[in-house]
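*Asks:* Numbering (the numbering used here), first residue to last: 62 to 240. Please see the structure below; I have some questions.
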């Protein structure tokens with residue numbers, strides 16, 4: 062697997078080789094989850110930011126940790142629970158962006174996801190792009206360009222998923238305020 066391969070086709074690079082966004086990393090099937098965790102680890106991912114809520118989907122964390130231990134790899138996992146089709150608080154978005162910045166500064170390879178990789182994930186990507194200096198409108202346009210390689214684009218070509226999520230990105234300010 063090369064540095065720019067994606068362990069899941071329902072994902073897209075935000076920062077090539079460093080920050081990948083997409084769908085839920087696990088599966089409802091335990092063996093498929095093990096295979097997916099192995100693929101992420103073998104591609105060099107060591108940081109997972111989970112935007113799903115507790116109990117929304119089966120946890121992959123124990124399988125991920127076991128696969129990482131088998132490879133003698135250190136992992137970072139953090140959950141930032143955002144309800145499906147919902148929005149994070151300003152404080153949570155600020156914490157998510159700080160977690161991404163820290164991981165990249167420490168040369169870790171990050172995968173972050175919600176369920177489908179569209180709404181909550183798209184909202185974070187849009188705010189990350191604004192955090193990197195784009196205005197809200199330019200961030201949404203760049204998000205759409207980045208999202209296109211995801212197989213999800215064929216089924217749902219709009220990102221983020223809801224008007225409220227798009228508005229959150231449009232209004233995101235680096236001062237830590239939206240809306």
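Ideal Cβ placement from N, Cα and C applies to all residues, glycine included. Just so you know, these numbers come straight off a predicted model, no measurement behind them.
#1: Between which two residues does the beta strand (DSSP E) holding residue 229 run?
#2: Any chance the segment 104-121 sits against the segment 139-152, with 3 or more Cβ pairs inside 8 Å?
#3: How is residue 88 classed by DSSP in three states: helix, strand or coil?
#4: Specify whether the segment 77-89 and the segment 194-201 touch according to this definition: at least 3 beta carbon pairs, one from each stretch, less than 8 Å apart.
#5: Between 182, 222, 224, which lies nearest to residue 72 when the distance is taken from Cα to Cα?
#6: For the alpha helix (DSSP H) that residue 123 lies in, which residues bound it at each end?
*Replies:* Inspection of the coordinates gives the following:
#1: Counting along the chain, residue 229 sits inside no beta strand (DSSP E); it lies in the alpha helix (DSSP H) bounded by residues 224-232.
#2: Three or more beta-carbon pairs drawn from the segment 104-121 and the segment 139-152 are found closer than 8 Å, and the two stretches are therefore classed as touching.
#3: coil
#4: no
#5: Of 182, 222, 224, the smallest CA-CA separation from residue 72 is found for 182.
#6: Per DSSP, the continuous alpha helix (DSSP H) segment holding residue 123 begins and ends at 122-131.
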